[in-house]
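Residues 193 to 380 (my numbering) are what the sequence shown spells out, left to right.
Where is the CB? At the ideal position from N, CA and C, for every residue including glycine.
Note that the structure is predicted; figures quoted are calculated from it, not measured.
Reading through the C-alpha cells given below for one structure.
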Amino acid sequence: MNEILASLGILHERAQQTRLITPYADGLSAFEAFLASAAQPGARLRTMIYGCTLQPFFDALIASHKAGCDVRVIFDHTQAAGKAEAPQIERLMAAGLKDSEQFLIGTSPVHHQIVHLKATVICTPDGKAMVEDGSWNYSVSASQQLNDLCFTESDQLARYYEEAFDRLWDWVKANEPQYQKSITEDER
Numbered sequence: 193m194n195e196i197l198a199s200l201g202i203l204h205e206r207a208q209q210t211r212l213i214t215p216y217a218d219g220l221s222a223f224e225a226f227l228a229s230a231a232q233p234g235a236r237l238r239t240m241i242y243g244c245t246l247q248p249f250f251d252a253l254i255a256s257h258k259a260g261c262d263v264r265v266i267f268d269h270t271q272a273a274g275k276a277e278a279p280q281i282e283r284l285m286a287a288g289l290k291d292s293e294q295f296l297i298g299t300s301p302v303h304h305q306i307v308h309l310k311a312t313v314i315c316t317p318d319g320k321a322m323v324e325d326g327s328w329n330y331s332v333s334a335s336q337q338l339n340d341l342c343f344t345e346s347d348q349l350a351r352y353y354e355e356a357f358d359r360l361w362d363w364v365k366a367n368e369p370q371y372q373k374s375i376t377e378d379e380r
C-alpha cells in the first residue's frame with residue numbers, strides 16, 4: 193500500500209504527533225512554543241498560510257529572521273490584501289524581510305484558486321524537523337473556534353511539505369508578479 197500511495201504523491205508514515213483541538217486546549221501557546229524553535233542561526237522555516245492575522249506569528253517571523261533563520265512564507269493573495277493582514281505584511285517589510293526573498297503572495301497553481309493550507313515546517317540546525325498543520329488559521333479567533341492543530345516531528349513529513357512549498361514558491365514567482373508588494377507598477 194505504501195508504494196501505491198507514494199506513486200500518487202501521498203505520504204504514509206508513522207510519526208510522533210501531538211494533536212490538540214481549540215478552544216479546549218491552548219493552541220496559541222502551543223503554536224508560539226513551536227515557532228520559538230526557529231529563532232536560531234541555521235534554522236529553516238517554511239509557511240504556507242491562508243488566513244494570517246496573528247501578531248505573535250509575525251513577531252516570530254521577524255525574530256527568527258533577525259536570529260539568522262532562513263525564513264520563507266507564502267501568503268494567500270485574497271487574505272494578504274485584507275485590512276488585518278496587509279499591515280502585518282508591511283511590518284515584515286519594515287523589519288527587513290523582502291518580498292520575493294522571504295515571502296510571496298500568491299494563489300494555487302490550478303485555476304488560481306486560494307492557498308488554503310495552514311502549515312509551517314521548522315528544521316533546526318541539530319537536525320530536528322517539525323511540522324505544524326491542521327484547520328487552525330493563524331488568527332486569535334481560530335483559538336476560540338473548533339479547530340485542530342497537529343505538531344509532528346518527522347523528517348519525511350517536513351520534506352513532503354517543503355517539496356510542496358518549493359513547487360508553489362517557484363510557480364508564484366514565475367506566474368504571479370502582480371501580487372508582489374515590492375514590484376513597481378512599471379515592472380508589472
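Quiz prompt | Limits of the unbroken beta strand (DSSP E) element including T210 | solution = Q208 to T214
Quiz item: At what residues does the alpha helix (DSSP H) containing G219 begin and finish?
Solution: G219 to A228
Exercise. Using 10 angstroms around the beta-carbon of I196, count the other beta-carbons present and answer buried if the total reaches 16, otherwise exposed.
Key: exposed
Quiz prompt | For T299, three-class secondary structure by DSSP | solution = coil
Quiz item: Grouping DSSP H, G and I as helix and E and B as strand, with all else coil, what is L284?
Solution: helix
Exercise. Rounded to whole angstroms, what's the CA-CA distance from V332 to C244? Just pull it up for me.
Key: 9 Å
Quiz item: To the nearest angstrom, how far is it from the Cα of T316 to the Cα of L360?
Solution: 22 Å
Quiz item: If you drop the 5 nearest sequence neighbours on each side, which residues of the same chain put their C-beta closer than 6 Å to that of V313?
Solution: R238, V323, A350, Y353 and E354
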